[in-house]
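Asker:
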Amino acid sequence: MDWLPTFERVQPWHWWVLGALLLILEVTAPGIFFVWLALAAFMLGLLVFVLPLPVALQLLLFAVLSVAAVVVGRRYVGRLALGGDEGDTVNQGAHRLVGRTVTVTTAIRNGVGRVRVGDSDWRATGPDTPEGATVQIVSADGTTLHVREISGSWV
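Numbering (the UniProt record's numbering), first residue to last: 1 to 155.
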């Protein structure tokens with residue numbers, strides 16, 4: 001098998017080209033996965049540039065760096081997706097308001113009233129509550145907020 005090339009050492013640019021190809025693949029494939037492999041390839045290219053390593057060790061390091069990058073990356077991206085920033089909830093409509101404490105502007109009678117959220121009034125359902133009381137939003141259905149009273153919040 002003399003026709004197969006033998007590599008005595010993989011050059012740093014080999015890893016950088018692999019990283020670039022993986023980034024191109026990331027753009028064409030759904031999800032966020034290949035970017036972590038590309039990051040591992042770029043890091044290994046930098047390491048090989050500074051410290052020449054045998055090919056077998058380079059491949060082992062690429063495997064280890066890839067696994068580490070995927071694990072850390074998924075954990076980091078998962079935190080971003082679950083963040084509590086209001087910018088992350090733009091497309092969630094009224095559901096983004098769940099958990100907020102608001103003031104009743106029109107007394108809740110027979111289960112229906114209005115509450116002040118920010119600078120606007122919203123339709124609210126919940127237990128009968130007088131105007132001025134503080135309630136907590138527990139869920140939302142369209143533009144109707146479902147609230148519960150907070151103990152001792154009546155004026």
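Even glycine gets a Cβ: it sits at the ideal position worked out from N, Cα and C.
This structure is a prediction, so every number in the text was calculated from the model and none was measured.
Please confirm whether THR129 and VAL104 have their CB atoms less than 9 Å apart.
Answerer: yes
Asker: Out of curiosity, what's the CA-to-CA distance linking GLY31 and ALA63?
Answerer: 20 Å
Asker: Are at least three pairs of beta-carbons, each pair with one atom in the stretch 106-114 and one in the stretch 124-142, less than 8 Å apart?
Answerer: yes
Asker: Label SER66 either buried or exposed according to how many other C-beta atoms from any shown protein chain fall within 10 Å of its C-beta, with 16 as the threshold for buried.
Answerer: buried
Asker: Which one of PRO54, GLY142, PHE49 has the shortest CA to CA distance from PRO12?
Answerer: PHE49
Asker: To the nearest angstrom, how far is the alpha carbon of THR134 from that of LEU39?
Answerer: Distance from the CA atom of THR134 to the CA atom of LEU39, rounded to whole angstroms, is 50 Å.
Asker: Return the first residue and the last residue of the beta strand (DSSP E) that GLY111 is part of.
Answerer: Run containing GLY111: none; DSSP gives neither H nor E here.
Asker: GLU149 by DSSP, collapsed to three states: which one?
Answerer: strand
Asker: Specify, as a first and last residue, the run of the alpha helix (DSSP H) that ILE137 falls within.
Answerer: Counting along the chain, ILE137 falls outside any alpha helix (DSSP H), though it belongs to the beta strand (DSSP E) covering 134-141.
Asker: Compare the C-alpha of ARG96 against each of ALA107, VAL117, THR106, THR28 and name the closest.
Answerer: VAL117
Asker: Got a sec, what are the start and stop residues for the beta strand (DSSP E) THR129 sits in?
Answerer: Note, THR129: premise wrong, no beta strand (DSSP E); not H, not E.
Asker: Exposed or buried, what is ALA69 when buried is set at 16 or more other beta-carbons lying within 10 Å of its beta-carbon?
Answerer: buried
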